Amino acid sequence: MSTAHIRELDGVIRYSFRCVEFRMNYPDFVQSIAFPALVILEVLAISLGAQLYELLVLLPLMVTVLAMTIALPFWWLYRYEVGPEGVVGFDRWGRRRRMKWDEITGVSAIHLFGFPYARLLAPGAPALWLPLSTDDTDGLRDCVDQHCPAGHPLLQTIRKSAV
4 MSTAHIRELD
14 GVIRYSFRCV
24 EFRMNYPDFV
34 QSIAFPALVI
44 LEVLAISLGA
54 QLYELLVLLP
64 LMVTVLAMTI
74 ALPFWWLYRY
84 EVGPEGVVGF
94 DRWGRRRRMK
104 WDEITGVSAI
114 HLFGFPYARL
124 LAPGAPALWL
134 PLSTDDTDGL
144 RDCVDQHCPA
154 GHPLLQTIRK
164 SAV
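Count along the sequence shown from 1, add 3, and you get the number used in our numbering.
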């Protein structure tokens with residue numbers, strides 16, 4: 004069980020045990036795989052003399068199904084958490100990592116393949132990559148706002164990405 008996070012706001016003391024789990028936005032993830040694959044395969048099919056039906060119906064359908072199939076395991080396995088103790092996510096090699104709020108010394112905003120990420124830095128530890136485009140982006144913002152200490156670099160990065 005996680006410890007309570009106490010935050011005083013306007014004379015009201017709030018206790019929070021809330022830990023939110025979220026994933027990347029699945030439709031956006033599928034689209035980021037399908038669109039480049041479709042463009043490449045359409046050009047290849049045109050150069051090989053494909054019929055109009057194949058170009059407009061079969062190829063897009065096959066690419067969409069394939070992209071959904073490829074994206075599903077990644078979407079299912081990569082779950083992220085934000086809670087009173089800190090953030091749980093993954094480093095660049097896909098290893099699950101946990102960072103406490105006070106360990107995070109810096110945050111950099113990065114766009115990778117069209118997706119916004121917050122790269123959380125801590126001394127002596129690999130960077131943790133936190134997606135900012137999730138299935139519950141508002142919940143992510145609310146949870147970070149609720150649990151982060153005032154002036155925390157992650158809080159500032161998320162507020163900047165919302166604009």
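Quick reminder that beta carbons are idealized off the backbone N, C-alpha and C, glycines included.
For clarity, every value in this text was computed on a predicted model and none was experimentally measured.
In the DSSP assignment, residue 142 falls within the unbroken alpha helix (DSSP H) covering 140-150.
Taking a cut-off of 8 Å for Cβ pairs, the region 146-153 and the region 30-43 do not touch, as fewer than three such pairs fall below it. A Cβ-Cβ contact shorter than 8 Å links residue 27 with residue 137. Pairwise C-beta distances place the region 137-147 out of contact with the region 93-103, as fewer than three of them are shorter than 8 Å. Each residue's CA atom was taken as its position, placing residue 124 and residue 130 some 5 Å apart. Distances from the alpha-carbon of residue 112 to those of 87, 105 and 122 put 122 closest. Per DSSP, the unbroken beta strand (DSSP E) holding residue 129 starts and ends at 128-134. For the set 68, 102 and 69, the Cα lying nearest the Cα of residue 83 is the one of 102.
Listed in chain order, the non-local C-beta contacts of residue 70 below 7 Å within the same chain comprise 33, 36, 37 and 40, local neighbours out to five positions each way being set aside.
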